[in-house]
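Trainee: Residue numbers (my numbering), protein chains in the order written: chain A, 1399 to 1693; chain B, 1399 to 1693; chain C, 1399 to 1693; chain D, 1399 to 1693.
1. Does the separation of the CB atoms of residue 1533/C and residue 1423/C fall below 8 angstroms?
2. By the 10 Å Cβ neighbour count, where 16 or more other Cβ atoms means buried, how is residue 1496/D classified, buried or exposed?
3. Using DSSP's beta-bridge definition, name the partner residues of residue 1460/A.
4. By the 10 Å Cβ neighbour count, where 16 or more other Cβ atoms means buried, how is residue 1667/C classified, buried or exposed?
5. Please look up how many angstroms separate the CB atoms of residue 1547/D and residue 1427/D, rounded, as I've assumed it's under 8 angstroms.
6. Closest by CA to residue 1563/B, which one among 1447/B, 1581/B, 1599/B?
7. For chain C, is any of its Cβ atoms less than 8 angstroms away from the one on residue 1474/A?
8. Under three-state DSSP, which class holds residue 1472/C?
9. Give me, in chain order, the residues of the same chain whose beta-carbon lies closer than 6 angstroms to that of residue 1517/D; leave out the 5 immediate sequence neighbours on both sides.
10. Measuring alpha carbon to alpha carbon, tell me which of 1507/D, 1522/D, 1692/D, 1682/D ends up nearest residue 1634/D.
11. Would residue 1472/C and residue 1431/C be called neighbours here (beta carbons separated by less than 8 angstroms)?
12. What residues in its chain sit with their C-beta under 7 angstroms from that of residue 1485/C, if we drop five residues either side in the sequence?
13. Taking the alpha helix (DSSP H) that residue 1630/B falls in, what are its first and last residues?
14. If you count every other CB in all the chains shown that lies within 10 Å of the CB of residue 1664/B, and 16 or more means buried, which is it?
15. Going by the beta-carbon positions, is the gap between residue 1425/C and residue 1402/A smaller than 8 angstroms?
16. Excluding sequence positions up to five away, which residues of its chain have a Cβ less than 7 angstroms from the Cβ of residue 1415/A?
17. Spatial neighbours of residue 1647/D within its chain, please: C-beta separation below 6 angstroms, excluding the five flanking residues on both sides.
18. Between which residues of its own chain and residue 1560/D is the CB-CB distance below 7 angstroms, once the five residues before and five after are set aside?
19. Would residue 1557/B and residue 1652/A qualify as a contact pair, given that the criterion is a beta-carbon distance under 8 angstroms?
20. What did DSSP end up calling residue 1450/B once you bin it into helix, strand or coil?
21. What do you reckon, is the C-beta of residue 1532/A under 7 angstroms from a heavy atom of the ligand ATP?
22. Compare the C-beta of residue 1682/D against all C-beta atoms of chain C and say whether one is closer than 8 angstroms.
23. Under the assumption that residue 1528/B contacts residue 1638/B (Cβ atoms under 8 angstroms), give the Cβ distance between them as a whole number of angstroms.
24. What residue range does the alpha helix (DSSP H) around residue 1583/B cover?
25. Mind checking which residues open and close the beta strand (DSSP E) that includes residue 1610/C?
26. Identify each residue in the region 1651-1667 of chain B for which the Cβ-Cβ distance to at least one residue of chain A is less than 8 angstroms, and report them in chain order.
27. Anything in chain D within Cβ reach of residue 1516/B, meaning under 7 angstroms, just list it in chain order.
28. Tell me the rounded alpha-carbon separation between residue 1686/B and residue 1503/A.
29. For residue 1672/A, name the three-state secondary structure that DSSP assigns.
30. Beta-carbon of residue 1522/B versus every beta-carbon of chain D: anything under 8 angstroms?
31. Looking at residue 1417/D and residue 1466/B, is the spacing between their C-beta atoms short of 8 angstroms?
32. Within this structure, are the beta carbons of residue 1579/B and residue 1552/B separated by less than 8 angstroms?
33. Near residue 1672/B, what residues of its chain come up, given a Cβ to Cβ distance below 8 angstroms and the 5 sequence neighbours on each side ignored?
34. Please state if the CB of residue 1435/A and the CB of residue 1464/A are separated by a distance shorter than 8 angstroms.
35. So with CB distances below 8 angstroms, who are the chain C contacts of residue 1529/A?
36. Of all the CB atoms in chain A, is at least one closer than 8 angstroms to the CB of residue 1447/B?
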């Protein structure tokens, strides 16, 4: 029973790769937020596979239907139900999976856990499940905008190709200008070439996504177990195929001395801030008002 | 409100560094488990600072008192209440903190969040809080033993010093033979020398802990949000000063091609297993019966 | 955020009276249960208003769509998503409510809490919301059948008309033979006549529903806060317009002496049972294997 | 696993009748509340059995120890740990229970559920468990006072003796003037005489407690499942030996016509209120700002 996430803004999702539909209930969205359906749809488009030669070619027409919780364009505080019908259900494509376990896929573990599985396209374990997350995330973005909170993610590594610059030295507005979503155009081109080459050799390759959150007020995070980065890590690690999570200086920080790594507090125009941000905007599991970064 | 963790075996903790006591309630421990108080006490000893020259010198006599949930030496299924009185409460040591924010500590964020803070030794944000976790962890270990599940952690990196071998090539029984708890004696000595040198220059340095869990049955983990590694990552990231979490091949896996990285399924003496374990014993968020590894 | 219920078998619902659809996600239904869609539809029919002259005349064609969690007729252990489109959305019928607060209705409290409300037919506070509960309840019944657990409810009181007999002395199989669902045909007729008369005077009247659950094994219920009857009371009190809950002897038991009220344990053919059942099948919040009764 | 209650102000309790201690962790108490330990102790005294001839004669010296979450007299927002040592542990008194099941007690169900039980004085199922609730309730009262919310309970019925007047016509300040805590002195005397007589015949008798909550703001309660009265009913039904819960007009309301029962809204000095309060201060599961009553 793990298909819900969140304590204040809580999402519950359902749906398999080749079932009739996916969906999500959002419980806890405050009342009075303008729900811009075109924005939700645009977010779905960004996620959509088959947009370019470097991703899976499956065509998904993800038409989002908002079924409840919105009245005259605004959220009412009641649960928002969202439906995403599956239109591309050529399930025979996958019939060969019924009797084999694909390497590193969830076919075996689902079979063991439940004694039965919807083998069409991986069923519930398919990355298609994230469509419901994107729809819910779009609502979250609309809500966070009200508080001036902005989330920006970008690809920082593909295989051996890694951005050397940190977020402070990058122009993140360039992220959406290329199909691999790397804010440094030169590196982006190399990444695309690499993926293309790997693809031609009928292989796959992984990557790293960095995210920067701006505008988080101080005081967010609930120690000791629901520290901000622990809850966020939980969410990130729950995404298909994610193998690790770090924030601030992360694993790199291990090599630094405490004297260099610690973020000293200073007063800047009557506001407390720090000279560096190795803590990634979090101390003791609570946001400190700085920019929040994680990988 | 984040002082509880777990859904089936749930712990709730309380206590500050220099308050009267720390404690934990364990709700959900099955009935009939032999509760060996000497073992719990031994686990507390392992955690205790001041054991060697390389750690903080604070003396903590962590005498654990089991107050409920155990009858005639066995758990009864009712909540187990555990108390750890604080005996070393020289709070004047810390009085200077009342008016400053220590670099990278939680002094500032607690003050911002709550408008008040127990500044003595970091209060609730002190690493002393983990004493309650160790006590609860000892009960968990007693319980997991019944199922043949064994957890072994060890230090794999301090600063730049890193174990090159993986867990398969190490003799983990050597872990407790040295004060830095690294299973390779030679590297352990180097690590101790490094920490000692850093300490003498009045500085600090970080490290990496690897953990290996053996005996986990197939089917553990609740997709899609409570995948086994997501829940475990949440727990690990909630420990003081942890900056990252990875499992299986982790961030290293990014550099590998899918063909090399994927764990192929084979049948070995009527049992399904895999030729490699880059997935760290988890597929689709559910355990596959192999050894489970994380950093 | 109160649109989910349950810890093992958890339902989350959405939908307003005059929105596009209602729906429910069931998380935690075990795998391998035969999901009989005709049965779910039949349960919806039983709930449907407008079946007889004594209820509201709204027509609801509650066509249930099972969208996920079922494969080849059986539950897969993944969340079951159910959709119930609203077909009778004549929202102008209710437009006059936009500016008034109906007596004893939730118009005022929703407006106060959320600052906005979907006034069409009561929106989320409409009894129409229970359609999603009935669909989820149908799945629960299919699942409980496997364990031989059977739930039977009936109307025991309308206004002053009250069944004098207890469940032991009634033939509950007669419950569905009349439109008021009272298992005593004579009393049922009187109830129908009373409702009809009240209705003709453009008024309404309340009632009491008794329920009997058979086949509950011993050991169900989680003291101290989630005692079986406390959790069940929570669920029952969450239904529109329910004003009270009692179990076993309930408020009547107050008048009895302990010596008469207490259920003495006896051994009957190697099985422990009790001579009476004033406890309603629950002691200390845990089921005792007897028939479980509540009002 | 049912030893926690509450979502914002959450309590977790432990402890058996004849164990070493009972205790509670309160997670979510806001920071900055003055924690008056003398008040907590006074609340414990009110609960204490053996105060008068009409209750059980067990002597309990319930000395409350506040172990954490309070600094310089104020709550810090971190969990408040409270310990109540058991001092009267004459467990041999109860040794005969080890092999019998007391009528209507939880001996049998605990044995069935857990396969083991602490039989001394009922163990966890003893009413002694409520001591931890009273301590937590005292903290809650201190917190609610800040918001001008006041809770007043009183005994309205013992056996057949029932107060005829409603709370509006009673002087609730007289409640604590007699040992049975009935605000009508004459009826109180009769109740005491009845209990005394029943007691002399070595029997017991039940009662009904009414409660009135004043000062609840509008908007409290989370439909659809966590309606205010459903959550409150859950809490009340979780108390030892409680068999029923009703609010507002409760079961009596069944006999009334809707036209008489419904609370019409009026405007009184620019404030919306109702002419009657059959809804008990709740509509659609959300408080309406009126006095909240339940039984």
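For every residue, glycine included, the Cβ atom is placed at its ideal position computed from N, Cα and C.
Mentor: For this structure:
1. Between residue 1533/C and residue 1423/C, the CB-CB gap reaches or exceeds 8 angstroms.
2. That one is exposed.
3. Looking at the DSSP assignment, residue 1460/A forms no beta bridge with any residue, so it has no partner.
4. It is exposed - the Cβ of residue 1667/C has fewer than 16 other Cβ atoms within 10 Å.
5. About 15 angstroms separates the two Cβ atoms, so there is no contact after all.
6. The candidate whose alpha carbon is nearest that of residue 1563/B is 1581/B.
7. Chain C, which has a Cβ nearer than 8 angstroms to the Cβ of residue 1474/A, makes this yes.
8. Of the three classes helix, strand and coil, the one that applies to residue 1472/C here is strand, per DSSP.
9. Cβ within range, chain order: 1495, 1496.
10. In terms of CA proximity to residue 1634/D, 1692/D leads the group 1507/D, 1522/D, 1692/D, 1682/D.
11. Yes. Within cutoff.
12. So the qualifying residues of the chain are 1459.
13. Run containing residue 1630/B: 1626-1635, per the alpha helix (DSSP H) assignment.
14. Burial call: exposed.
15. Residue 1425/C places its beta carbon less than 8 angstroms from that of residue 1402/A.
16. Counting only residues of its own chain and dropping the five nearest sequence neighbours on each side, residue 1415/A has a CB closer than 7 angstroms to the CB of 1518, 1519, 1520, 1521, 1524, 1526.
17. If the five residues before and after residue 1647/D are omitted, its C-beta is found closer than 6 angstroms to the C-beta atoms of 1676, all from its own chain and listed in chain order.
18. Taken in chain order, the residues that qualify are 1554.
19. Cβ distance < 8 angstroms, so residue 1557/B and residue 1652/A count as in contact.
20. Three-state result, residue 1450/B: coil.
21. As far as ligands go, the structure on display features none, and thus does not contain the ligand ATP.
22. It does; some Cβ of chain C falls within 8 angstroms.
23. The Cβ separation is near 6 angstroms, so the contact holds.
24. If you look at residue 1583/B, you'll find it in the alpha helix (DSSP H) that goes 1583-1598.
25. Residue 1610/C -> beta strand (DSSP E) spans 1605-1612.
26. Against chain A - using a Cβ distance shorter than 8 angstroms - the residues of the region 1651-1667 of chain B are 1651, 1652, 1653, 1654, 1655, 1656, 1657, 1659, 1660, 1661, 1662, 1663.
27. Chain D residues near residue 1516/B: 1469, 1474.
28. Distance from the CA of residue 1686/B to the CA of residue 1503/A, rounded to the nearest whole angstrom, comes to 11 angstroms.
29. DSSP places residue 1672/A in strand when its eight states are reduced to three.
30. Yes - at least one Cβ of chain D is within 8 angstroms of the one on residue 1522/B.
31. For residue 1466/B and residue 1417/D, yes; Cβs fall inside 8 angstroms.
32. Yes; because the gap between Cβ atoms is below 8 angstroms, this pair is in contact.
33. Non-local beta-carbon contacts of residue 1672/B in its own chain, meaning distances under 8 angstroms to residues more than five positions away in sequence, involve 1661, 1662, 1663, 1664, 1686, 1688 in chain order.
34. Yes, the Cβ-Cβ distance between residue 1464/A and residue 1435/A is below 8 angstroms.
35. Neighbours of residue 1529/A in chain C, taken as residues whose beta carbon is under 8 angstroms from its own, are absent, since the nearest beta carbon is some 13 angstroms off.
36. So no, residue 1447/B is outside the interface.
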